[in-house]
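Engineer: Residue numbers (this note's numbering): 9 to 524. Even glycine gets a Cβ: it sits at the ideal position worked out from N, Cα and C. The structure is given below, and queries will be raised subsequently.
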Ligand SMILES: NC(=[NH2+])NCCC[C@H](N)C(=O)O
C-alpha cells in the first residue's frame, strides 16, 4: 500500500502552477433517503443530533471555566428558556412539525414546566429527527452488558471508587444517562466534572456520506463525551446498519514508547468542528488547535482506502483559542456563498497594521500563522494541489464540486473591518448552520456581519418572531429562503460555539443540480 505523509507537503510553499490542475468533479445527484447520509453542508437538514444544556452547565465554577473551555459561567435557566429552547422549536418546525405545530401555547405554558424540553421527562418531545443524545444514551443503557461496560469505562476515566461504580450500576437508565452527562447525582452531589461542551454535538463525530468519523478529543475536558458517543454509535439501533461504516482513528503505532515530552508533539486528535463534507466526493479538514497533522494524515489514508471520498483538502489554520476549529472561521451559507474571517484569507493584506521594522523572528512567526491549504486526490495523493488563499479553495468548491455558475460570494466577519471582524468572529459570526440552502441560524449579536448578509440579499428574522409566525401559519418553513434567523445569544456565546457547533447532522438531502 502507498504511504505518504502530509507533513512533507504542508511546509512547502504553494505552487501556483498547480492551481489550474483542479479537475472538474461530477457530482452524482442521487436523492436516496439513507438514515445516515450527509453529502454537503447545505442540503436540506432532515435528522441531527443535539444536546440541550444539562444541569452540568450550571455547575461550571469560575476557577474551572477556562479548563472546561467556557469563557465564563452561564446562567442555566436563561440559556435554556430564553435561548436554546428556541433552537429546539425552530428545528422541530422544520424537521418534525407534527411534534410542535398547533401545540406551542401548551408546550410553553408555565404549568408545563418545560417538560417538552427535558429528555428525562415523559412529556419530552422525543423526536426521531431532532434527536437528543441523552435519549440515545439512556436507550443503550437498557442493555445490561452495555451498561456494565460504559459505567466501567467512565469510572476508570474519572477515577471513581468501586463503591461509586456499584452505585451507578444500580441507577435506572434514564437517571444514569443524566448522571453520566451532568456529573451529578440528584442534582446535588457532584461526583465527577460536568461535560458542558456536550452541547456542541458537531465535535463528537462527523457524518461523511454514509460513514461516521468519530472524534478523538484534544482536550481533557471533552474526553468523557468521546467515550459516551463511542458507545452510542456502536450500540444504538439507529446506527445498527452503519456499524461497519464507523471510522475510529487511533494513536500512532507504538506512541507509548515515546518519551513524555515527545508524545505531546505526536498526538492524534480530531474534533468534528474541523471536518466539513462540502460535496459527496470532497472533505475539507482543518488542522488546528484541536485537530493534529497526524490525525489529518490518518483520516486521509483511511477515507481513501475505504473510498469514502475522492478528495481531501487540509486547511492549516493558526493554533489559537480564537479559532479552535475550522468552523469557527468559515461556514457555507449557499452553494455560492461562504461566511469567513477575512484575516485568514485574501483580505489579510488589507487589514494589516503596518510595522516599520519587523525583526526576522517575528516575520517567521507571521509565516507560521498563515493559512496553508493542500488538496490530496485519491488517484494520486503524492501529488497534492496547493491553494494560496482560502477564497481560492472555496470558489473551487462552489464552481467545480457544486457546479455553480454564478459569482461566488464571500461574506466577511464584521465586514472585514477592525475591530468588528475579530469581535464578531469571537462570538461566532462565521459559525452558521444551514437548515436548508440559504436558511441559516446565527447569533443575533453580530451586527456588522449581518449588514453584509443583508446587502447580499438575505433578510433577517428574530427567532421568537419566526416561531410565532410558523405557529400561526403566517410563515411556511418550506417556503422560507435567503434568511438568517437571529438567535438569542447572551449566555450561549460564552460557551464559545455557535449553531454549526451545536448540530451534528446525520441526514441531509443530497443537493439537486444547480439551476443554470
Ligand atoms: N465546532 C466548534 N467550533 N465547537 C465549539 C466548541 C466550543 C467549546 N467550548 C470548546 O472549546 O471546545
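(1) How about residue 75: is its Cβ closer than 7 Å to a heavy atom in ligand 1?
(2) Rounded to whole angstroms, what is the Cα-Cα separation between residue 405 and residue 106?
(3) Would DSSP call residue 45 helix, strand or coil?
(4) To which residues of the same chain is residue 331 closer than 6 Å at the C-beta, ignoring the five residues directly before and after it?
(5) Determine the contact status of residue 204 and residue 78, defining contact as a CB-CB distance below 8 Å.
(6) Roughly how many whole angstroms lie between the Cα atoms of residue 61 and residue 392?
(7) Would you mind listing the alpha helix (DSSP H) stretches within the segment 437-522 that are 4+ residues and don't spill past its ends, in chain order?
(8) Hey, would you say the C-beta of residue 205 is under 7 Å away from at least one heavy atom of ligand 1?
(9) Got a sec: does ligand 1 put a non-hydrogen atom nearer than 7 Å to the Cβ of residue 208?
(10) In its own chain, which residues sit with a C-beta less than 7 Å from the C-beta of residue 513, not counting the 5 before and 5 after it?
(11) Let me know if residue 174 comes out buried or exposed under the rule of 16 or more other beta-carbons within 10 Å of its beta-carbon.
(12) With respect to the alpha helix (DSSP H) encompassing residue 241, which residues constitute its N-terminal and C-terminal limits?
(13) Does DSSP classify residue 366 as helix, strand or coil?
(14) Could you please give the first and the last residue of the uninterrupted alpha helix (DSSP H) stretch that includes residue 306?
(15) Please state whether DSSP places residue 354 in a helix, a strand or coil.
(16) Hey, residue 317 and residue 381 are a contact pair by Cβ (cut 8 Å); roughly how many whole angstroms apart?
(17) Beta-carbon within less than 8 Å of residue 321's beta-carbon, same chain only, minus the 5 sequence neighbours each way: which residues are those?
(18) Say the cut is 7 Å; is the CB of residue 450 nearer than that to a heavy atom of ligand 1?
(19) Determine, using beta carbons only, whether residue 285 and residue 48 come nearer to each other than 8 Å.
(20) If you reduce the DSSP assignment to three classes, tell me which class residue 415 lands in.
(21) Pull up the distance between the alpha-carbon of residue 427 and that of residue 132, whole angstroms please.
(22) Distance check for residue 439 and residue 259, CA to CA, integer angstroms please.
(23) Within 10 Å of its beta-carbon, does residue 484 have 16 or more other beta-carbons around it, so buried, or fewer, so exposed?
(24) For the beta strand (DSSP E) containing residue 383, name the first residue and the last one.
(25) Check the DSSP bridge columns for residue 339 and list the partner residues they point to.
(26) Alpha carbon to alpha carbon, how far is residue 506 from residue 31? Give it in angstroms, no decimals.
(27) Grab me the residues of residue 275's own chain with a C-beta within less than 6 Å of its C-beta, minus the 5 sequence neighbours each way, in chain order.
(28) Is the beta carbon of residue 220 sitting closer than 8 Å to the one on residue 234?
(29) How should residue 130 be labelled, buried or exposed, when 16 other C-beta atoms within 10 angstroms of its C-beta is the threshold for buried?
(30) Measuring straight from C-alpha to C-alpha, what distance separates residue 345 and residue 477?
(31) Put residue 295 into one of helix, strand or coil per three-state DSSP.
(32) Determine the extent of the beta strand (DSSP E) in which residue 140 is found, giving its start and end residues.
(33) Quick one: is residue 70 buried, meaning 16 or more other Cβ sit within 10 Å of its Cβ, or exposed?
(34) Could you tell me whether any non-hydrogen atom of ligand 1 is closer than 7 Å to the CB of residue 213?
(35) Quick check on the burial criterion: 16 or more other C-beta atoms within 10 angstroms. Buried or exposed for residue 302?
Structural biologist: Judging by the given coordinates:
(1) no
(2) 36 Å
(3) strand
(4) The residues are 325, 337.
(5) yes
(6) 42 Å
(7) If only uninterrupted alpha helix (DSSP H) runs of at least 4 residues are considered, those enclosed by the segment 437-522 are 455-463, 471-480.
(8) yes
(9) Correct: residue 208 has its Cβ closer than 7 Å to ligand 1.
(10) Answer for residue 513: 46, 53, 56, 215, listed in chain order.
(11) exposed
(12) 231-243
(13) With a pLDDT of 49 at residue 366, under the threshold of 50, the modelled position of that residue is not reliable, and the figure given next carries that caveat. Of the three classes helix, strand and coil, the one that applies to residue 366 here is coil, per DSSP.
(14) Run containing residue 306: 301-313, per the alpha helix (DSSP H) assignment.
(15) coil
(16) With 8 Å as the limit, residue 317 and residue 381 do not qualify as a contact, their Cβ atoms being about 17 Å apart.
(17) If we look at residue 321 and ignore the five residues flanking it on each side, its Cβ neighbours are 290, 291, 292, 293, 381, 382, 383, 384, 395, 401.
(18) no
(19) yes
(20) coil
(21) Distance between the alpha carbons of residue 427 and residue 132 is about 43 Å.
(22) 29 Å
(23) exposed
(24) 380-385
(25) DSSP lists 347 as the beta-bridge partner residues of residue 339.
(26) Per-residue confidence for residue 31 stands at a pLDDT of 30, beneath the threshold of 50, marking its modelled position as unreliable; the derived number appears in the next sentence. The straight-line gap from Cα to Cα measures roughly 34 Å.
(27) 300
(28) no
(29) exposed
(30) 27 Å
(31) strand
(32) 138-140
(33) exposed
(34) no
(35) buried
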